[in-house]
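Undergrad: The sequence shown begins at 1 in full-length UniProt numbering and counts up by one.
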Amino acid sequence: MDPSALDLLICSTCGIQYNVTSGLESCKICDDPRQYVPPSGQSWTTLRSLQASPNEYQNTFTTDPDNPNLISIQTTPKLAIGQRAFLCRSDHGNVLWDCITYLADETIQRVNSLGGIHTIVISHPHYFSTSIQWAEAFNADLYISAEDEGWLGNRGDGSKLKLWEGNRLYISDHPAEQRDEMADFVAIKTGGHFPGSSVLWWKSTKKLLIADTILVVPSGLYRVNRLPGTVSYTFMWSYPNFIPLPPDDVHGIWKAIKDIDFEDTHGAFTGHEIKGNSKAMVLESAKIIVKASGYLEHPIFLE
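#1: By the DSSP assignment, the beta strand (DSSP E) with residue 168 in it spans what residues?
#2: For the putative contact between residue 154 and residue 8, defined by C-beta atoms under 8 angstroms, what is the C-beta separation to the nearest angstrom?
#3: For residue 85, which of 257, 36, 210 has the nearest alpha-carbon?
#4: According to the Cβ coordinates, are residue 145 and residue 189 closer than 8 angstroms?
#5: For residue 149 and residue 238, I'd like the C-alpha separation in whole angstroms.
#6: Is residue 250 helix, strand or coil when you go by DSSP?
#7: So what does residue 14 bridge to, in DSSP terms?
#8: Thinking just about the alpha-carbon of each residue, which of 53, 48, 74 is nearest to the one in residue 59?
#9: Less than 8 angstroms between the CB atoms is what I'm expecting for residue 278 and residue 264, so what's the real figure, rounded?
#10: Entirely within the stretch 198 to 286 and at least 4 residues each: give me those alpha helix (DSSP H) ranges in chain order.
#11: Mind checking residue 133: buried by the 16 CB within 10 Å criterion, or exposed?
#12: Quick one: what's got a C-beta closer than 7 angstroms to residue 115's C-beta in the same chain, skipping five residues either side?
#13: Looking at the strands, I want to know which residues DSSP matches up with residue 144.
#14: If I measure Cβ to Cβ from residue 321 and keep anything under 7 angstroms in the same chain, skipping five residues before and after, which residues do I get?
#15: For residue 298 and residue 55, I'd like the C-alpha separation in whole angstroms.
#16: Less than 8 angstroms between the beta carbons of residue 81 and residue 14, yes or no?
#17: When the distance is taken between beta carbons, is residue 253 closer than 8 angstroms to residue 308?
#18: Any idea what DSSP makes of residue 104, helix, strand or coil?
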């Protein structure tokens, strides 16, 4: 890791890194109505401070019990938002879905022992974190949605950053003429939470990595004798401030993924796994939420 990156400012609340070492009064992510500034006010940290912290931060690696090639990476104790990243191991190059703020030599060594990282894809700005440092540490391309470019805090020298446009990003080392068909990883832009919010479809495993573009809710984790009207997922513009998405945006998320085949979903936070029949449950939840919003004749009910 570039030693100069250790002193770049990081927002203590959301974990995004800025390309300055001083002089920032506010975090544009936390000032946005989707996020928040805590009652104690804006505060900053750095990777150097985190690495030396008495909290003794470390990144834990947890292998999915049903797929040894899906590994979540999460910082303990909780840091900033507390999301996890997913390392998806593949013969065609490992993909890191989303990112976390804490990065130290131990993590770099562990990831390299697992095959390194070929490509990083970030679902939305709340998880931009120190992703440029991860990209540089692993010599990986870093993809973010072009619609969300304005939320970047640190571009590095620009050589790793890739702004992707359109509705789908096919991640593959196959020749361009075969990429769409052969790609096993497809980032799908759904919008909603942010204009460029995305999910990652791992085609061969029938898994959809959903971040909080689609959020697993507690009632989705127990599936015995579920009563009608029980949701498994929710869709929000702001999660910490409980601002829902408009029904048309909820429908837009469904339309973006309705043609793909997936069984399992893996969300941004520990325990946010729903395995089996997830696609039907996403649509069911979307309809329940739109109906509860008072829209009884919305086009989503024709799906």
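Glycine included, each C-beta is placed from N, C-alpha and C at the ideal position.
TA: Judging by the given coordinates:
#1: Here residue 168 corresponds to residue number 168 of the sequence shown, with the count starting at 1. Judged by DSSP secondary structure, residue 168 falls within the beta strand (DSSP E) whose first and last residues are 168 to 171.
#2: Residue mapping note: residue 154 aligns to position 154 of the sequence shown, counting from 1. Residue mapping note: residue 8 aligns to position 8 of the sequence shown, counting from 1. Rounded, the Cβ-Cβ distance is 7 angstroms, consistent with contact.
#3: Sequence index remark: in the sequence shown, residue 85 carries index 85 (1-based). Residue 210 holds the alpha-carbon nearest to the alpha-carbon of residue 85 among 257, 36, 210.
#4: Here residue 145 refers to the residue found at position 145 when the sequence shown is read from its first residue. Here residue 189 refers to the residue found at position 189 when the sequence shown is read from its first residue. With contacts defined as CB atoms closer than 8 angstroms, residue 145 and residue 189 qualify as a contacting pair.
#5: To locate residue 149, count along the sequence shown from 1; it is residue 149. To locate residue 238, count along the sequence shown from 1; it is residue 238. Distance from the CA of residue 149 to the CA of residue 238, rounded to the nearest whole angstrom, comes to 19 angstroms.
#6: Within the sequence shown, numbered from 1, the residue matching residue 250 stands at position 250. Helix.
#7: Taking the sequence shown and counting its residues from 1, one reaches residue 14 at position 14. Partner(s): none; residue 14 has no beta bridge.
#8: The sequence position of residue 59 within the sequence shown is 59, counting from 1. For residue 59, the closest C-alpha among the options 53, 48, 74 is that of 74.
#9: Taking the first residue of the sequence shown as position 1, residue 278 is located at position 278. Taking the first residue of the sequence shown as position 1, residue 264 is located at position 264. Confirmed, Cβ separation roughly 6 angstroms.
#10: Taken in chain order, the complete alpha helix (DSSP H) segments of 4 or more residues contained in the stretch 198 to 286 are 247 to 257.
#11: Along the sequence shown, read from residue 1 onward, the residue named residue 133 stands at position 133. Burial call: buried.
#12: Position 115 of the sequence shown holds residue 115. In the same chain as residue 115, and ignoring 5 residues on each side of it, the C-beta atoms closer than 7 angstroms to its own belong to 89, 94, in chain order.
#13: The residue you call residue 144 lines up with position 144 of the sequence shown. DSSP links residue 144 through a beta bridge to 163.
#14: Since the displayed the chain opens at 1 and closes at 303, residue 321 lies outside it and no answer follows.
#15: As a working note, residue 298 is residue 298 in the sequence shown. As a working note, residue 55 is residue 55 in the sequence shown. Just so you know, the alpha carbons of residue 298 and residue 55 end up roughly 49 angstroms apart.
#16: Counting from one through the sequence shown, the residue named residue 81 turns up at place 81. Counting from one through the sequence shown, the residue named residue 14 turns up at place 14. Yes. Within cutoff.
#17: Outside the shown range of the chain (1 to 303) lies residue 308, about which nothing can therefore be said.
#18: For the purposes of this step, residue 104 is taken as the residue at position 104 of the sequence shown. In the displayed model, residue 104 falls within coil according to three-state DSSP, outside both helix and strand.
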